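These protein sequence lines map, in sequence, to chains H and F. Going by the working numbering, the first residue of the first sequence is number 1, and it counts up by one from there. Going by the working numbering, the first residue of the second sequence is number 1, and it counts up by one from there. Beta carbons: idealized from backbone N, C-alpha and C, even for Gly. A quick note: this is a predicted structure, and the numbers were derived from the prediction, not measured. One structure is given here, and the rest of the page talks about it.
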Amino acid sequence: MKTSRRSALKTAAALAGVSVFTRSKVHAAEGGDFYVAKNGRINQSLVTWNFRPLTIPELAKLSVKFGVKSVELIGPEHWPMLKELGLKCAIAGSHGFAKGFAQPEQHAECLKVLEQRIEQCAAHGVPAVITFSGFRKGLTVDDATKNTIVGLKKIAPFAEKHKVTVALEMLNSKVNVEMKGHPDYFCDNMDVSVDILKAVGSPYVKVLFDIYHVQIMHGDVIARLRKYAPYIAHYHTAGNPGRNEIDATQEINYPPIMRAIAETNYTGYVGQEFIPVRDTVKSINESVQLCDV
Amino acid sequence: MTPSLSRRSALASVAAVTAALSHRLSAADAAAKTRINHSVCKWCYPKIPLADLCQAAKDIGIVSIELLDPPDFATVKQHKLHCAMVSFPQKNGIGRIEKAFNRLEHHDTLVEIYTERLQQCADAGFKQLICFSGNRAGLDDETGLKNCATGLKRILPLAEKHGITLVMELLNSRVNHKDYQCDKSAWGIALCKAIGSERFKLLYDIYHMQIMEGDVIATIRRDHQYFAHYHTGGVPGRNEIDDTQELNYPAIMRAIVATGYKGHVGQEFIPKRPDALASLKQGVKICDV
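Written out as C-alpha cells, the structure is:
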C-alpha cells in the first residue's frame, strides 16, 4: 500500500518534472518508509568516518537496507563482515592524508603500507586503495609534482601485478576548518593531479575525484569529470559549502552530476562522504535517493 | 440605515475584497516573492521582438530587461520595466569584451563613449552600466589591473555625479572568452580596491565563475560587497538552469538574499528547448526563492 502510493506519487512527480524528493517525506527510521536504490546506474558506497557515531557494522546494515553496495575506506578487519552481508569494500583505507608522495622521506613508509594493503585487497577482491600526496611544506609545485611521480611509479608495478588500483585523492586546500579542507595539502588541483597520473602512466594509478573538493578548488564539475573520466578511480560526495547534506540546501546539483558520471560508462563506486547536520540515517537515505539516477 | 442599503454595501465590500484578492493572487502567481528582483538579458531571445519580450517578462514577474542599448530604452519604459544593466558603448571595436580598459591606448575613446553613455543612462534613470577589461593579449595581470584602474578613474567622477555604477563583468576565459583578463573574482576585487569607489563594482556571473573557480556560495558570502549584479546560466552549456546542469540555483539565490542584496538577478542562459519563454519562466521560478 505504502509502496504503491509512493511509486504513484513518484511517477506523478516525474511526469510533472519536479523532484519527488521535496514532495515526499522519507522516514528512514526503523520500520518507516525509506528509499531503496534500484536503478543500478551508479554503484553507491558509504564512507564511515563522517557518519559517526554510527558504527561500521551499523552502516553496513543500513547499506543493505538502502541498496548501497559498499562500505569503504575501512581496513581488512571489517571485510569478512561486509562479505557476509553481501557488500563490497569499494576502496580500502591506507595511510592518512597528512603523509604522502610529495615528500621523498615519506615514500618508504607509504609504500610499505600500500604494498601490504594491496596484497590484502587482492586476496579479498577489494578493487582499489586510497593514497595521498601529503603536505607541500614549502616545496615548489614542480618539485612536489616530481616527487609524487617518482613515488607513485614505485608502487605502480605492484598495483598492476595485483590488479588493484591506487587512487590518489585530490583535496581542497582552501577551507581552514578541520576535515572540511586541508591547507597546504599538495594535491589540491585536478589538472596537476591528472598530469601526475599521465607521467606515471599506469592504468592502476588513478585519481579520487571528490566532487566537494573539486567544487571548492575549481568548479566546472561535469566538464571536468567528462574530460578526465579515464583517470578517475573513484568519486566522493558532499554538499558545498559546509560538507554537509547533498540536497537542495547547497550549491552542487547532484542528480545531473550522477547522470554525467553514468554517461562516462563509469563502473566504479560513488562514496557518500558528507557530514550530516540533520538526522544521520534519514540524510543517508535521502542522499542515496538523490544519487540513484 | 435601511436593510437593503446595508446589504448592498456588504455585497460591495465583499466584491471589492474579492477583486483585490484575485488581483493579488494573480500577481503572486506571476511575480511571487520579490526577495529576488528578476531581470532578463535581451540577447538570449534574438527571435522575440523587444515589445513581445517585455510583455512576456511582465507576465512572468520579471521587472527588468537588461543589456539594452539606448534605442531600446523607450520600449522598456513604455512597458513600465526597468533596465538593471545597460549595455556597453563601442566605437571601432573599442568598448567590446575583447578591447577595453586594460589598454592605455583605448582610454581616450573609452572616456568619450562612456561619457555619452553615462548621460544616456542618467536621462533614462538607469543606474548600472556594464564594462569590460578586454583580453590580455600578452599583458600580465598586474599591468592590466593598473591600466583598468587608470582608465576607469577618468570616468568615475561623472558616474559618481550621476549616481551610476560602472560594473565590470567577470567572464570565463576557459570556454567562451579565451584570454579575457577579468576572469577571476580575486582579480576583480583587487581592481575594486585599487579604484576605491562605491560606483565601481563587479558583475558576478554565476555561470562564468562556476567555470573559472567554483565555490559559488562561499565567494558570494565573503565578497558580496564587491558584487553589484548577478547573472545566471546552466553549467556546462549555458542553457536552462534546471536539473539538467550542475548548479543548485535555489540555494545560490537564498545565499544572495541572505547577503541583503537589493539589486537584480539577470537570467542569461541560452534556452535550448524550443519554447524559449517557457524556459525563461522556469528559470525565474527556480530563482524565486
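Exercise for review: Kindly confirm or deny that the stretch 88–97 of chain H and the stretch 258–273 of chain H touch, where touching means at least three C-beta pairs closer than 8 Å.
Suggested key: yes
Review point. On the three-state DSSP scale, how would you describe residue 19 (chain F)?
Key: Low local confidence applies: a pLDDT of 41 at residue 19 (chain F) is under 50, so the model's placement there is unreliable, and no value is given.
**Study point:** Rounded straight-line distance, which links the Cα of residue 198 (chain F) to that of residue 33 (chain F)
**Key:** 28 Å
Review point. Considering only C-alpha positions, which residue in the set F:152, F:255, F:190, F:172 is nearest to residue 211 (chain F)?
Key: F:172
Review point. What residue ranges within the stretch 226–269 of chain F form continuous beta strand (DSSP E) runs of no fewer than 3 residues, ordered along the chain?
Key: 227–231, 264–267
Review point. How big is the Cα-Cα spacing for residue 193 (chain F) and residue 59 (chain F)?
Key: 40 Å
Practice item. Look at the alpha carbon of residue 176 (chain H) and the alpha carbon of residue 185 (chain H), and state the distance between them as a whole number of angstroms. Key: 11 Å
Review point. Going straight from the alpha carbon of residue 232 (chain F) to that of residue 276 (chain H), what length do you get?
Key: 29 Å
Check your understanding: Residues in the stretch 237–251 of chain H with C-beta within 8 Å of chain F's C-beta atoms, listed in sequence order?
Key -> 240, 241, 248, 249, 250, 251
Practice item. For residue 255 (chain H), go through chain F and note every residue whose CB falls closer than 9 Å to its CB, in chain order. Key: 243
Review point. Mapping DSSP to helix, strand and coil, what is residue 18 (chain H)?
Key: Bear in mind that a pLDDT of 37 at residue 18 (chain H), under 50, signals an unreliable position, so the number given afterwards is only what the model happens to contain. If DSSP states are grouped into helix, strand and coil, residue 18 (chain H) belongs with coil.
**Study point:** Boundaries of the alpha helix (DSSP H) in which residue 294 (chain H) is found, first to last residue
**Key:** Residue 294 (chain H) is absent from the model: chain H starts at 1 and stops at 293.
Practice item. Determine, using beta carbons only, whether residue 247 (chain F) comes closer than 8 Å to chain H. Key: yes
Review point. Among the residues of its own chain, which have a CB less than 8 Å from the CB of residue 65 (chain H), if the five just before and after it don't count?
Key: 34, 36
Review point. Straight-line CA distance for residue 70 (chain H) to residue 288 (chain H)?
Key: 12 Å
Review point. Do the stretch 159–168 of chain H and the stretch 109–123 of chain H make contact, defined as three or more Cβ pairs closer than 8 Å?
Key: yes
Review point. Name the DSSP bridge partner or partners of residue 70 (chain H)?
Key: H:45, H:88
Point to revise | Touching by the beta-carbon criterion (3+ pairs, under 8 Å), the stretch 138–157 of chain F and the stretch 217–229 of chain F | key: no
**Study point:** Cβ of residue 292 (chain H) within 8 Å of any chain F Cβ
**Key:** no
Review point. Looking only at DSSP bridge pairs, what is residue 165 (chain F) linked to?
Key: F:128
Practice item. Measure the beta-carbon distance from residue 270 (chain F) to residue 239 (chain F) and round it to whole angstroms, keeping in mind my assumption that it falls under 8 Å. Key: 6 Å
Review point. Residue 79 (chain H): buried (16+ other C-beta within 10 angstroms of its C-beta) or exposed?
Key: buried
Point to revise | Cβ-based contacts, 9 Å cut-off: residues of the stretch 195–219 of chain F near chain H | key: 209, 210, 211, 212, 213, 214, 215, 216, 217, 218
Check your understanding: Does the distance from the CB of residue 128 (chain F) to the CB of residue 190 (chain F) come in under 8 Å?
Key -> no
Exercise for review: Helix, strand or coil for residue 147 (chain F), going by three-state DSSP, please let me know.
Suggested key: helix
Exercise for review: Return yes when the C-beta of residue 132 (chain H) is under 7 Å from any heavy atom of the ligand ATP, and no when it is not.
Suggested key: Ligands displayed in this structure: none; no statement on the ligand ATP is therefore possible.
Check your understanding: Is the beta carbon of residue 209 (chain H) sitting closer than 8 Å to the one on residue 243 (chain H)?
Key -> no
Exercise for review: Classify residue 198 (chain F) as helix, strand or coil using the three-state DSSP reduction.
Suggested key: coil
Practice item. Provide the residue span of the alpha helix (DSSP H) that contains residue 249 (chain H), from first to last. Key: Counting along the chain, residue 249 (chain H) falls outside any alpha helix (DSSP H), and DSSP gives it neither H nor E.
Point to revise | Beta carbon proximity, residue 272 (chain H) to chain F, threshold 8 Å | key: no
Check your understanding: When the cut-off is 8 Å and only beta carbons count, does residue 16 (chain H) lie next to chain F?
Key -> The pLDDT assigned to residue 16 (chain H) is 37, lower than 50, so where the model puts this residue is not dependable; a value taken from the coordinates is nonetheless given after this. No, residue 16 (chain H) does not count as interfacial toward chain F.
Exercise for review: Output yes if chain F places a C-beta closer than 8 Å to the C-beta of residue 78 (chain H); else output no.
Suggested key: no
Practice item. My understanding is that residue 125 (chain F) touches residue 101 (chain F), with C-beta atoms under 8 Å, so please give their C-beta distance in whole angstroms. Key: Actually they do not touch by this definition, with Cβ atoms about 25 Å apart.
Point to revise | residue 276 (chain F): contacting residues in chain H (beta-carbon distance under 7 Å) | key: Chain H residues near residue 276 (chain F): none, gap ~17 Å exceeds 7 Å.
Check your understanding: Three or more C-beta pairs closer than 8 Å, one from the stretch 143–151 of chain H and one from the stretch 216–236 of chain H: is that the case here?
Key -> no
Point to revise | At least three beta-carbon pairs within less than 8 Å, the stretch 131–140 of chain H to the stretch 97–109 of chain H | key: yes
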